[in-house]
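Student: I am attaching a structure below and will ask some questions about it afterwards.
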Amino acid sequence: MLNEKVAKLINEQVNKEFYSAYLYLSFADYYEDEGLDGFANWYVIQAQEEMDHAMMMRRYLLDNGVSVKLDAIEKPNKVFKNIAEPLDAGFEHEQYVTSLINNIYSAAFDIKDFKTMQFLDWFIKEQTEEEKNAGDLVKKMKMFAVDTKTIYMLNSELAARVYTPSATGPAK
Ligand code: MG
150 MLNEKVAKLI
160 NEQVNKEFYS
170 AYLYLSFADY
180 YEDEGLDGFA
190 NWYVIQAQEE
200 MDHAMMMRRY
210 LLDNGVSVKL
220 DAIEKPNKVF
230 KNIAEPLDAG
240 FEHEQYVTSL
250 INNIYSAAFD
260 IKDFKTMQFL
270 DWFIKEQTEE
280 EKNAGDLVKK
290 MKMFAVDTKT
300 IYMLNSELAA
310 RVYTPSATGP
320 AK
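So in the numbering used here, spot 1 of the sequence shown is number 150, and the numbers just go up one at a time.
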């Protein structure tokens, strides 16, 4: 069993991970409209990863005897003025997600829930990578995307990203 507060926070995080997937899909849709298939590819894969995260948390709850409550997923309603904006929004969003994961960790820490702390270790590490990737994209866009030719090159780089299931294997 899990502590009620910790279980509630993880259950909320399941929803928030699915929201992240929705948000990144909306980025992908935007880039599709702009004709930037590489950027779209990057965010479709990002969305797949977020769904993995949600499924990993769902599994953790179930494995610990907690009934999962699926809530409505918020509608992503970002409107973008230029192709750099989703990247900035993505970086900001990942910093927010880090704060959410830290918050769950902190609740587990307070009650010495070592099992949950160990479970969350993967997510803590993952957030370092997510923030780095998102931050790097912002930097690359600032440095390299100065004209259509360099935007095309960046698009080609992002087209090469391949989906690999998250560390614990495919979502079950
Ligand atoms: Mg995530």
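Just so you know, even glycine gets a beta-carbon here, dropped at the ideal spot from N, CA and C.
#1: Under the rule that 16 or more other beta-carbon atoms within 10 Å means buried, what is PHE205, buried or exposed?
#2: Report the rounded CA-to-CA distance for LEU158 versus ILE253, giving the unit in angstroms.
#3: When a residue counts only if its C-beta is closer than 6 Å to some heavy atom of the ligand MG, which residues count, in chain order?
#4: From this set, PHE272, ASP186, SER315, LEU219, which residue's C-alpha is nearest ASN160's C-alpha?
#5: Given a cut-off of 8 Å, decide if HIS242 and SER315 are closer than it, judged by their beta-carbon atoms.
#6: My parser needs the beta strand (DSSP E) runs of 3 or more residues fully inside the segment 181-207; what are they?
#7: Ends of the alpha helix (DSSP H) at ASP263?
#8: Based on Cα-Cα distance, which residue from TYR312, LYS289, THR313, VAL311 lies nearest to VAL303?
#9: Ordered along the chain, which non-local residues of its own chain (more than five positions away) have a Cβ less than 6 Å from that of ALA156?
#10: Just curious, the alpha helix (DSSP H) that GLU306 is in, first and last residue?
#11: Tell me which residues share the same chain as LYS224 and place their Cβ nearer than 8 Å to its Cβ, disregarding the 5 neighbours each side in the sequence.
#12: Below 8 Å on the Cβ atoms is my contact criterion, and I expect ILE250 with PHE272 to pass it. Report the Cβ-Cβ distance as a whole number of Å.
#13: In the structure shown, what three-state DSSP assignment does GLY214 receive?
#14: Could you check the C-alpha separation between GLY239 and PHE258 for me, to the nearest Å?
#15: Among residues of its own chain, excluding the 5 on either side of SER175, which ones have a beta-carbon nearer than 6 Å to its beta-carbon?
Tutor: Concretely, from the data shown:
#1: For the record, residue 205 in the displayed sequence is Met; it is not Phe. So MET205 ends up on the buried side.
#2: 6 Å
#3: GLU166, SER169, GLU199, HIS202, VAL246
#4: LEU219
#5: no
#6: none
#7: Per the sequence shown, residue 263 should be read as Phe rather than Asp. Taken as a continuous stretch (DSSP letters only), the alpha helix (DSSP H) holding PHE263 covers 263-293.
#8: The question names Val, but residue 303 in the sequence shown is Leu. Per the Cα distances, LYS289.
#9: VAL215
#10: 297-308
#11: TYR171
#12: 5 Å
#13: coil
#14: 28 Å
#15: PRO225
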